[in-house]
Each structure stands twice: as structure tokens, then as C-alpha cells.
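Visitor: What follows is a structure written as C-alpha cells; I'll ask about it next.
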């Protein structure tokens, strides 16, 4: 470890009461590092997590427990961090790790020190499988000097800093998630044509319903059932992922956590009219009020129940949500989404709607020895 580097570990017990507290300084530093890393990689910070989201994640440990390892420089400024997330209701041997070092402080041992401490945290929790998502500015074309994911789709540069760091520690490159951006507004006539075509294909057995912020009680169980499938339905390459159970209470908590950090959910669902059950849905996460510092919306879950696939419901709900976004929040200028490179059906929908590639995230996995 560099002689002037100091590591501080934060657990839910260390979460400050508010972002104005002096104890929140490390969280503000984490958000700054995250933002600067994203700007360096992509020229913008759409994928960076707001500091209020960091606080909310650290504070609550009922469904996911967060531990942060913070690297402090000579002036106690945050120069890097490791963000360790462990599901509490499923996947008892797995953690997700986000490891970031500020561009101005790389190649000084900061990343190595953070990794060593994060690995100790993982072992201390009795877990062994570490999954890391590393920024990829641009997916390189196939050829010499590249590494292909074990999924068979997606590549990274073999001499990239993150690639060399991961390989040196025994990680396997399991998957590449494509990050895509959609500039708004989308031509209303294009959305209308897609909506009409999807409705004609689906027929009278389905109707679209849209909500913002709150969901009616009668749909919570259906949302929970669909969300429970999401972890295992989406392509995951060689990543060790088990189903993560949801129920109505967890959906209520999900909505409350968004509100706590100044965000809201815009959700459009396809209802199967004969049964009254939801067959699928999509959701966008956006700031509760217009925010010039974050003019983008994040695409959250999009899923269709296997028993209802083949009716173009994925396109139907995504188009409906974009139409609702244009009507309710014209201040939002971009939508950002992530999809596995092998998830052809969803990528096809996104490309048709006008999304364009904007780098991605490489999924690396390591099983720590006992």
C-alpha cells in the first residue's frame, strides 16, 4: 500500500443520518470518483450513481447489505473505493463488487489495496464468489489483442488496465453488457407506429397500463413474481446467479427507497385481460423533479412472463413507457440501458427504438479459496 494511503471501511452502522452530516463526506467522495471515472470512460456521467443512492444503499441492509472500503489520500480526499453488495435473501455465497480508482491516482497501488481489503470483507461474510463489473469505453472489434467473454459474445482489450488487473487476480471474463443511450425526444410518429404494430400483434387479450411513483396494491404480487424471475431469465453467461425472491412487501420497499433518494419509477405493464394478471412490464428510474445535473433516466427491469412471449409485449411496454416519459417529463433528455450482448431480442428492440451503443461493462467472476 502507498505510504500516504489510508483505508476506511463503512458498514450500515456507519451510515450518516443525512448527506449534510460530516460523516457523509466519504459518500460524497465516492460519488465524485464514480462520476470522474464515468466521464473519463464515456465523456458523460449518466451511469454514475447519485450520492443519495449511495447513502440509501449503505443505510439499508434488509435485502442487500453494502460494505464500502474507502481509500483516502494525503488530504483525506477519496481517491478510490470498493463497494461490496451482498444479497440477504438469496445467493448466499455471492457478492457484487464495484471497484473504482480516480484517474489521477491510478498505478499507485490504490486498486490493489482496495481489492485486498474487499476480499477480506467477502471472506469475513463467509462468501466466496466475487462478481465485478468493469467499465468498457468501447467494445473492440474481433482480432488479436482482444479477449472474448466465456458467453461467446462481447470482447475487451487484453491490455486494458481493468483486464490486466482482473486476470492477474484469477478472475474469468464471463460476460459483456452493452450500455446503450437513447437521445430524446423520439419521433412521436415512430413510437405511434411501433405501438400500433405491437397492439395489432398482441390482439385484444392484452392492454397497457402505466403508473408513476406508486403502484396499486392489486398489481404488487404480479410485479414481485416477474421481478423474482429477472435474475435467472436474463442471460448471465457463466455468472453464478440464483433466483432472488420478491414479494409484495419487497416491491413496496423498492418504491419507498426510490422516493427516499429523490427518484421515482415510471412503469408500464401489459395486462392479460382474460385473467387480469400482468404478463410483463418495463420501468424507468428518473429524478422525482427535473434535475439539470442528471438529465437522464435509467432503464430498470424489462421482462415478459415466458407464458406470454411471442406477442411483442416487450416492444409494447417499452414504447408505452417512452410515450409516457415524453408526456410527463419532457425535461429528460436521454435514456440509458444495459443488456447482455447475447440478449438478442432485447437488443433488437432497443436498436429499433433508436438506442445506440455507448461502451459497456465487463462482468468478471472469481471464486475465492477457503
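Numbering (the UniProt record's numbering), first residue to last: 1 to 370.
For each residue, glycine too, the CB sits at the ideal point set by N, CA and C.
Say whether chain D places a C-beta atom closer than 8 Å to the C-beta of residue 134.
Guide: No chain D appears in the structure shown, which is made up of a single protein chain.
Visitor: Once you ignore the five residues that flank residue 365 on each side, which residues in its own chain have a CB closer than 8 Å to its CB?
Guide: Contacts found: 129, 130, 131, 132, 171, 172, 174, 238, 239, 240.
Visitor: Just grab the DSSP bridge partners of residue 280 for me.
Guide: Paired residue(s): 270, 304.
Visitor: With distances taken from CA atoms, which of 181, 271, 21 is nearest residue 357?
Guide: It is 181.
Visitor: With a floor of 3 residues, list each beta strand (DSSP E) that falls wholly inside the stretch 170-229, ordered by position along the chain.
Guide: Runs found: 172-183, 206-212.
Visitor: Should the stretch 221-229 be called in touch with the stretch 328-335, which here means at least 3 C-beta pairs below 8 Å?
Guide: Because the criterion of three Cβ pairs below 8 Å is not met, the stretch 221-229 and the stretch 328-335 do not touch.
Visitor: From what residue to what residue does the beta strand (DSSP E) around residue 363 run?
Guide: Counting along the chain, the beta strand (DSSP E) containing residue 363 begins and ends at 356-367.
Visitor: Determine whether the beta carbon atoms of residue 286 and residue 252 lie at a separation below 8 Å.
Guide: No, they are not a contact pair.
Visitor: On the DSSP bridge assignment, give the partners of residue 81 in chain order.
Guide: 70, 100, per the DSSP bridge assignment.
Visitor: By DSSP's criteria, residue 389 is part of a beta bridge. Which residues make up the other side?
Guide: Here the chain comprises residues numbered 1 to 370, so residue 389 is not present and cannot be evaluated.
Visitor: Would residue 184 pass as a contact of residue 215 if the rule is Cβ separation under 8 Å?
Guide: Their beta carbons are not under 8 Å apart, which means residue 184 does not touch residue 215 by this criterion.
Visitor: By alpha-carbon positions, which one of 10, 369, 249, 168 ends up nearest to residue 70?
Guide: Of the listed residues, the one whose Cα sits closest to residue 70 is 10.
Visitor: Taking only the alpha-carbon atoms, compute the straight-line gap between residue 193 and residue 41 and give it to the nearest angstrom.
Guide: Roughly 35 Å separates the two Cα atoms.
Visitor: Report the three-state DSSP secondary structure of residue 321 (helix, strand or coil).
Guide: In the structure shown, residue 321 sits in a helix (DSSP, three-state: H, G or I).
Visitor: If I follow the unbroken beta strand (DSSP E) through residue 138, where does it start and stop?
Guide: No beta strand (DSSP E) holds residue 138; DSSP gives it neither H nor E.
Visitor: Could you name the residues of the same chain whose beta carbon sits closer than 6 Å to that of residue 66, not counting the 5 residues immediately before and after it, in chain order?
Guide: So the list reads 57, 58, 85, once near-sequence residues are dropped.
Visitor: Any chance the stretch 138-147 sits against the stretch 107-126, with 3 or more Cβ pairs inside 8 Å?
Guide: No: fewer than three Cβ pairs fall under 8 Å.
Visitor: Per DSSP, what kind of secondary structure is residue 338 in: helix, strand or coil?
Guide: Residue state, collapsed to three classes: strand.
Visitor: Going straight from the alpha carbon of residue 261 to that of residue 49, what length do you get?
Guide: Distance between the alpha carbons of residue 261 and residue 49 is about 11 Å.
Visitor: Go ahead and label residue 244 buried or exposed: buried means 16 or more other beta carbons lie within 10 angstroms of its beta carbon, across all protein chains shown.
Guide: Answer is buried; the Cβ neighbour count reaches 16.
Visitor: Decide if the stretch 303-319 is in contact with the stretch 185-204; the criterion is three or more beta carbon pairs, one per stretch, under 8 Å apart.
Guide: Segments in contact, yes.
Visitor: Would you kindly check if the distance between the Cβ of residue 160 and the Cβ of residue 106 is under 8 Å?
Guide: For residue 106 and residue 160, no; Cβs fall outside 8 Å.
Visitor: Given a cut-off of 8 Å on the beta-carbon distance, is the pair residue 179 and residue 360 in contact?
Guide: Closer than 8 Å, so yes.
Visitor: Do residue 186 and residue 353 have their beta-carbon atoms positioned less than 8 Å apart in this structure?
Guide: Yes, they are a contact pair.
Visitor: Note down, one range per segment and in chain order, each alpha helix (DSSP H) of at least 4 residues found wholly within the stretch 12-80.
Guide: Fully enclosed alpha helix (DSSP H) runs of 4 or longer: 25-42, 51-59.
Visitor: Got a sec, what are the start and stop residues for the beta strand (DSSP E) residue 147 sits in?
Guide: Where residue 147 is concerned, the enclosing beta strand (DSSP E) stretches over 146-148.
Visitor: Does the distance from the C-beta atom of residue 282 to that of residue 268 stay below 8 Å?
Guide: A contact, by the Cβ cut-off of 8 Å.
Visitor: Thinking just about the alpha-carbon of each residue, which of 188, 31, 250, 167 is nearest to the one in residue 217?
Guide: Checking every option, the nearest Cα to that of residue 217 belongs to 250.
Visitor: How far does the beta strand (DSSP E) with residue 157 in it extend, from its first residue to its last?
Guide: Unbroken beta strand (DSSP E) run through residue 157: 155-157.
Visitor: Is it right to say residue 75 is buried, meaning 16 or more other beta carbons lie within 10 angstroms of its own, or is it exposed?
Guide: Exposed, since its Cβ has fewer than 16 Cβ neighbours within 10 Å.
Visitor: Could you give the C-beta distance for residue 37 and residue 103, rounded to a whole number, given that I count them as a contact under 8 Å?
Guide: The Cβ separation is near 7 Å, so the contact holds.
Visitor: Going by DSSP, which residues form a beta bridge with residue 164?
Guide: Residue 164 pairs with nothing; no bridge assigned.
Visitor: If we count the other Cβ atoms within 10 Å of its Cβ and call it buried at 16 or more, is residue 312 buried or exposed?
Guide: So residue 312 counts as buried.
Visitor: Give me the Cβ distance between residue 95 and residue 64, rounded to the nearest whole Å; I'm assuming they're in contact under 8 Å.
Guide: The pair is not a contact, with the Cβ atoms about 10 Å apart (cut-off 8 Å).
Visitor: Assign residue 345 to one of two classes, buried (16 or more other C-beta atoms within 10 Å of its C-beta) or exposed (fewer than that).
Guide: Answer is exposed; the Cβ neighbour count stays below 16.
Visitor: Report, in whole angstroms, the separation of the C-beta atoms of residue 222 and residue 278, which I expect to be a contact under 8 Å.
Guide: Sure, about 4 Å apart at Cβ, within 8 Å.
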